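Residue numbers (my numbering): 35 to 369. Quick reminder that beta carbons are idealized off the backbone N, C-alpha and C, glycines included. From a predicted model like this one, the values you see are computed outputs, not experimental measurements.
Here it is, written out as structure tokens:
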């Protein structure tokens, strides 16, 4: 049994409170938000949750072993660093930090103090995504040629980050989880229309093995789309998170080539087979996320979406933002 504190209960925090509150391994749950009205609502909804008046109260409480941060991105680094310095295991909403240097510092501090640092890359815990990972790993899809993602909707506009930092971490974390290779370079373009922050962006990522990834994110779409297409040399997969039941469709389609006798010309043949929708675990992803954080603390082990995974995504986001400032300039990913 352990005690956990959730800091920030505005948009996503209440969902975290619900899952930690219902977890059998959590003995006592604490809650803090600078907005006292939000804190009061949580304590009224979940009798037994202890609402505190300051973050320092959480830090000084030696009985709290895990701190969960669901606060604005700019606060992630200072709050997480303080918690680690007070020997707390830390769970941070995505993205881990607003720049690579800060993310690297958190990773090193957690490692130095042998503490858990975990990022809420929630789609890594999605049953449909995990099923796709299984299919890729056993070779059913073949070599991955491309990863094509669209994550668009009308809003929600953020005040502290642009659409790139708001939405792209979801698809970048899916990509990082599914693909064995890491991207070597990124190019991105984006545009702002209503505020100083970009509300639409397009990212292209390049790999040494000729795989290519493209991610489109937007706050300006008339419809909500959450879709990923993965193209393999054997099969192709559609992941549609907007579908209520059959989120995965496997297409037995592809291209086959043969060399024409006595000529340099290559013959292209199209293979068009059936479509299937495999079963997958429908457990709430956030429940799995909470399970993983608690397991990592209990076992003193690295969680699946650890600080290094968070750092990798921040590196890509920072490089993509640099590319946007350079009007689509290709940026090499270092380290």
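Asked: Would residue 93 and residue 123 be called neighbours here (beta carbons separated by less than 8 Å)?; Found: no
Asked: Checking the sheet assignment: what are the DSSP bridge partners for residue 270?; Found: 265 and 285
Asked: Output yes or no for whether 8 Å exceeds the beta carbon distance between residue 118 and residue 218.; Found: no
Asked: Determine the direct distance from the alpha carbon of residue 198 to that of residue 355, and round the result to whole angstroms.; Found: 8 Å
Asked: Which complete alpha helix (DSSP H) runs does the segment 303-351 hold, if anything under 4 residues is left out?; Found: 319-333
Asked: According to the Cβ coordinates, are residue 271 and residue 59 closer than 8 Å?; Found: no
Asked: Does DSSP put residue 11 in a helix, a strand or coil?; Found: Outside the displayed span of the chain (35 to 369) sits residue 11, for which this structure offers no information.
Asked: Cα separation between residue 186 and residue 55?; Found: 32 Å
Asked: Name the two residues that bound the continuous beta strand (DSSP E) containing residue 236.; Found: 234-240
Asked: Based on DSSP bridge pairs, tell me the residues matched to residue 84.; Found: 64
Asked: Comparing C-alpha positions only, which one of 121, 110 and 158 sits nearest to residue 135?; Found: 110
Asked: Helix, strand or coil for residue 120, going by three-state DSSP, please let me know.; Found: coil
Asked: Taking the alpha-carbon positions, what's the residue 163 to residue 155 distance?; Found: 12 Å
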